[in-house]
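So in my numbering, the last one in the sequence shown is 105, and the numbering has no gaps at all.
Ideal placement from N, C-alpha and C gives every residue a C-beta, glycine not left out.
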Amino acid sequence: DTLGRLRALEEDTKGRLQTVEVALEQNNTNPAQEIRNETRSLAREFDSVRQCLSICSNASVWVNSGKVHTLEDITIGKDGKQMLIATLGELFDAKR
Numbered sequence: 010d011t012l013g014r015l016r017a018l019e020e021d022t023k024g025r026l027q028t029v030e031v032a033l034e035q036n037n038t039n040p041a042q043e044i045r046n047e048t049r050s051l052a053r054e055f056d057s058v059r060q061c062l063s064i065c066s067n068a069s070v071w072v073n074s075g076k077v078h079t080l081e082d083i084t085i086g087k088d089g090k091q092m093l094i095a096t097l098g099e100l101f102d103a104k105r
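What follows is the structure, encoded as structure tokens:
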């Protein structure tokens, strides 16, 4: 389950980021460049995971809204071309 893996990654990244922040506070010194880079990297990773979760959540709302058009058993001629045009916000489930 992609959403579950993203949530687990979010929690893992959040925990790692908090660990680094606590270590910096306890040392009460200027952090080394390596630690600053790690903190920035973890913060970017955390933001990325949150964005992915937001996208998945929005897609889930659309899918569950019933606004999904299902197309099945579509065939075209040997030299034919197929094109699907949708308005913004419509989801299509095309099979075969």
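Residue burial annotation: T22 is buried, with at least 16 other C-beta atoms found within 10 angstroms of its C-beta. Around the Cβ of V58, a 10 Å sphere holds 16 or more other Cβ atoms; the residue is buried. The shortest C-alpha to C-alpha distance from L12 to any of T79, G86, R49, C61 is the one to C61. Within the same chain, and ignoring the five residues on either side of D88 in sequence, no residue has its Cβ closer than 6 Å to its Cβ. When DSSP states are grouped into helix, strand and coil, D56 belongs to the helix group.
The beta carbon of C65 sits closer than 6 Å to those of L12, all from its chain and outside the five residues before and after it, given in chain order.
Of the residues assessed, L51 falls on the buried side of the cut-off, its CB having 16 or more other CB atoms within 10 angstroms.
Of all alpha-carbon atoms in L80, T48, G86, the one lying nearest the alpha-carbon of R25 is that of T48.
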